[in-house]
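Here's the structure, in structure tokens; my notes come after.
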Amino acid sequence: MSTIVINCKNSLLSDQAKQLSKELGYPMLNSALNLEVKQEMFEYELILDELGISLSPTNAKLHGAIRCDFGSAANTHRRNYGGGSGQAIAKAVGVSGRFRPKVLDLTAGLGADGFVLASLGCSMTLIERNKVVHSLLSDGLERARLAASTDTALGAIIARITLFGQDSKTFLQSLTLEQRPDIIYIDPMFPERKKSAKVKKEMQAFHRIVGSDDDSADLLGLALEQARYRVVVKRSVSAEQLGNLTPSYSLSGKSTRFDVFALNKLPG
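Be aware that the sequence shown starts at 2, since it is given in this note's numbering, and climbs by one per residue.
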């Protein structure tokens with residue numbers, strides 16, 4: 002795990018920064034520290050500025066800022082030209098013209114997959130237990146809501162997303178029979194086995210900050226008890242099956258595989 006400091010770059014956001022420092026348990030940056038000392042003391046800084054909340058290495062040469070931006074050009078392009086219900090993730094979850102499932106994403110991360118599914122009409126509940134990642138995702142959702150006045154399509158997508166910052170197993174165990182989701186989606190993070198040019202530097206940072214989801218197999222077991230229709234596990238295409246459990250079938254692409262555990266026939 003990495004050392005992090007809160008860096009408020011806009012005095013108007015100082016109260017928010019102090020609250021974030023209290024919630025996360027990370028110190029506020031002492032403005033008297035020079036760059037060299039800051040780099041010795043902290044690996045990353047959680048920055049608050051006019052653009053929102055972002056995570057950056059104190060050594061700017063490592064990689065750029067990590068932020069959650071649902072209004073980015075890349076996200077806009079994907080929701081307009083990403084393939085709709087023909088995408089592998091949509092097929093895995095079971096999206097169709099007659100079925101827009103309620104999906105529980107137990108490992109939300111920065112909400113990329115949840116956003117894609119919400120853009121296809123799914124009602125999304127996102128769970129993220131890491132407080133740093135949750136703060137980035139929460140900020141991204143809030144900024145997207147504010148942008149809805151000029152982008153009604155984006156506003157409609159964000160309205161289908163609900164975020165909780167807590168442990169996924171605890172959340173699953175608290176569900177009543179009526180609250181059970183149609184689909185449960187899991188995208189676990191595992192330890193890096195080797196450094197590779199194919200692994201983005203931003204993802205390497207996430208591994209350092211978040212760590213690995215060592216309880217993913219247990220999470221899958223609970224998910225299989227709670228989902229109404231299916232559980233979908235996202236894996237790298239060559240990864241072993243989670244918990245040594247054999248899925249009903251898999252949908253594989255060049256780098257990603259979706260293992261589908263079909264429990265009941267989908268409606269429609």
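All residues carry an ideal CB built from backbone N, CA and C; glycine is no exception.
Keep in mind it's a predicted model, so treat the numbers as computed, not measured.
Pair within 8 angstroms by beta-carbon distance, residue i and residue j
i	j	result
L246	K92	no
N8	L47	yes
G26	F71	no
L264	A228	yes
V133	I5	yes
I67	L49	no
T257	S237	yes
L111	L138	yes
D216	D114	no
S124	K103	yes
L173	L223	yes
S293	R209	Beyond the ends of the chain as shown, which are 2 and 269, falls residue 293; an answer cannot be given.
P58	Y45	yes
P89	F262	The residue you asked about is not Pro; residue 89 is Ala in the sequence shown. No, Cβ-Cβ distance for A89 and F262 is not below 8 angstroms.
N60	Q40	yes
Extent of the continuous alpha helix (DSSP H) to which residue i belongs
i	result
V233	Unbroken run through V233 is the beta strand (DSSP E), 231–237; no alpha helix (DSSP H).
S139	132–148
Under the three-state DSSP convention, the category residue i falls into
i	result
N8	strand
G156	helix
G26	coil
L111	coil
L267	coil
K199	Because K199 sits at a pLDDT of 45, beneath the cut-off of 50, its placement in the model cannot be relied upon, and the following sentence gives the value as read from the coordinates. DSSP places K199 in coil when its eight states are reduced to three.
S15	helix
I87	Ile is not the amino acid found at residue 87; the sequence shown has Gly there. Three-state result, G87: helix.
S32	coil
V96	coil
M204	helix
T77	helix
S120	helix
M2	Because M2 sits at a pLDDT of 48, beneath the cut-off of 50, its placement in the model cannot be relied upon, and the following sentence gives the value as read from the coordinates. It is coil, neither helix nor strand.
L47	strand
L63	coil
R258	strand
N-terminal and C-terminal residue of the beta strand (DSSP E) that residue i is part of
i	result
T247	T247 -> no beta strand (DSSP E), and no H or E assigned at all.
V104	103–106
F172	It is not in any beta strand (DSSP E) - F172 instead sits in the alpha helix (DSSP H) that spans 169–175.
S57	53–58
S1	The question about residue 1 has no answer here: the residues shown for the chain are numbered 2 through 269.
L221	From DSSP, L221 is part of no beta strand (DSSP E) but of the alpha helix (DSSP H) over 217–227.
T163	162–165
Whole-Å CB distance - residue i paired with residue j, under 8 angstroms assumed
i	j	result
T77	L127	With a Cβ gap of about 20 angstroms, T77 and L127 do not count as contacting.
G122	R144	Actually they are not in contact, since the Cβ atoms of G122 and R144 sit about 22 angstroms apart, beyond 8 angstroms.
G244	A218	3 angstroms
L63	V94	So it is not a contact: roughly 35 angstroms between Cβ atoms.
G98	H135	With 8 angstroms as the limit, G98 and H135 do not qualify as a contact, their Cβ atoms being about 34 angstroms apart.
Just checking, does the segment 181–192 make contact with the segment 215–233 on the three C-beta pairs under 8 angstroms criterion? yes
How about the segment 148–159 and the segment 205–218: do they share at least three Cβ pairs that are nearer than 8 angstroms? no
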